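Please read the structure below before turning to the comments.
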Amino acid sequence: MTNELLIGKNILIVEDNAINQMLVKYAFAKSGANTIVAENGSQALELMNQNKFDAILMDIYMPELDGYQTTDIIRNQLHSSIPIIAMTALAMKGEEEKCLALGMNGYISKPFSSETLFQEIKRVLEFTEAIAS
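Here the sequence shown is numbered in my numbering, starting from 1 and rising by one per residue.
Written out as structure tokens, the structure is:
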């Protein structure tokens, strides 16, 4: 699925589960976007120092630094406004609100379809680009 908005975008996928990593990378395979995977928040922060990303897909529950802690560092120590979309299998009441309150820009619950993933990325990127212009 080629999406004009994603062509040439660099997307960081922060996900500790190998199967989920593979599924998300597969969803992006024909999107025109470039993807890099980090297995935890610590790796994600290292990769952010070495690369420029247009968006981050952030798993919430991971070893070392979880998605909440990593987002807090990105927002409050790195002072980055990079779009972050939470990905979580824990679809409890209030989870989305907690993610948004911590500075994430979007939220999808696992499992998700490629269509749902791309709709949320498109929404977040279009919103972010509209604010920047």
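Glycine included, C-beta positions come from ideal geometry on N, C-alpha and C. Note that the coordinates shown come from a computational prediction; the quantities given were computed from them, not determined experimentally.
Per DSSP, M104 lies in no alpha helix (DSSP H) and is assigned neither H nor E. By the criterion of a C-beta distance shorter than 6 Å, A89 is surrounded in its chain by K110, once the five residues flanking it on both sides are discounted.
Between the alpha carbons of L125 and S42 lies a gap of roughly 24 Å. In this structure, F28 is the residue among N20, L102 and F28 with its C-alpha nearest to the C-alpha of N10. For Q50 against V37, the beta-carbon gap comes to about 14 Å, at or over 8 Å, which does not count as contact. Check the Cα spacing between I73 and each of L45, A55 and Q119: the tightest is with L45. For D59, the uninterrupted beta strand (DSSP E) segment begins and ends at A55 to D59.
The Cβ atoms of G103 and I121 do not sit closer than 9 Å to each other.
For I74, the enclosing alpha helix (DSSP H) covers residues G67 to N76. Listed in chain order, the non-local C-beta contacts of I85 below 8 Å within the same chain comprise A55, I56, L57, M58, M104, N105, G106, Y107, I108, E120, I121 and V124, local neighbours out to five positions each way being set aside.
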